[in-house]
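A quick write-up on the structure given underneath.
Structure below.
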């Protein structure tokens, strides 16, 4: 009888523990291209207002853009470009930007993203050759280099 009571309480504790450690699913969105290309998220962060920011890489050249939720299109300069985007608390795209080189054989990508207390975003990643970031052009010293870019939370 004593073993039965212990087993009963062990089962009750296990059932309670499952509810304590569960997480709530809020929403999900799909980023997709119409070219059969690749979209890959590499980093994510959130601000105090429930907005989410992401970075990664995608390929979708002119005529074959990648669409972020809400129909926001991006076309890559070359093979793969880095992207940064902002989603509101409902999961809808507020804005999306990209950076990269025009090389059709090299990959540029965003690898990490964070936000400071003022709402500025910092992205790190790699690029090859000459890459364009919102009108600013940088040239690598070797085959590939790292970048750190700063964006405001309004893009």
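Residue numbers (our numbering): 430 to 584. Ideal placement from N, C-alpha and C gives every residue a C-beta, glycine not left out. Because the structure is a prediction, the values reported are computed rather than measured.
*Which stretch, first to last residue, makes up the beta strand (DSSP E) that contains residue 502?*
Translated into positions along the chain shown, residue 502 becomes position 73. Looking at the DSSP string, the run of the beta strand (DSSP E) that includes residue 502 is 501-503.
*Under a three-way DSSP split, which group does residue 533 fall into?*
Residue mapping note: residue 533 aligns to position 104 of the chain shown, counting from 1. In this structure, residue 533 counts as coil in the three-state DSSP scheme.
*Determine the DSSP secondary structure at residue 580, reduced to helix, strand or coil.*
Counted from its first residue, the chain shown places residue 580 at position 151. Residue 580: strand per DSSP, three-state reduction.
_For residue 558, the first and last residue of its enclosing beta strand (DSSP E)_ = Mapped onto the chain shown, residue 558 falls at position 129. Note, residue 558: beta strand (DSSP E), 550-562.
*Which residue comes first and which comes last in the beta strand (DSSP E) that contains residue 512?*
One-based indexing of the chain shown puts residue 512 at position 83. Where residue 512 is concerned, the enclosing beta strand (DSSP E) stretches over 510-516.
*Candidates 575, 545 and 573, of which the one nearest residue 474 by Cα*: Against the chain shown, residue 474 aligns to sequence position 45. The candidate whose alpha carbon is nearest that of residue 474 is 545.
*Within its chain, find whatever has a CB closer than 8 angstroms to the CB of residue 548; leave out the 5 residues flanking it on each side and keep chain order.*
As a first step, residue 548 is located in the chain shown; it is residue number 119 there, counting from the start. The answer, listed in chain order, is 476, 581 and 582.
_If you reduce the DSSP assignment to three classes, tell me which class residue 488 lands in._
Here the question's residue 488 lines up with position 59 in the chain shown. Reduced to three states, the DSSP call for residue 488 is coil.
_Using only the alpha-carbon positions, how far apart do residue 572 and residue 501 sit?_
Along the chain shown, one-based indexing puts residue 572 at 143. Along the chain shown, one-based indexing puts residue 501 at 72. Cα-Cα distance, rounded: 32 angstroms.
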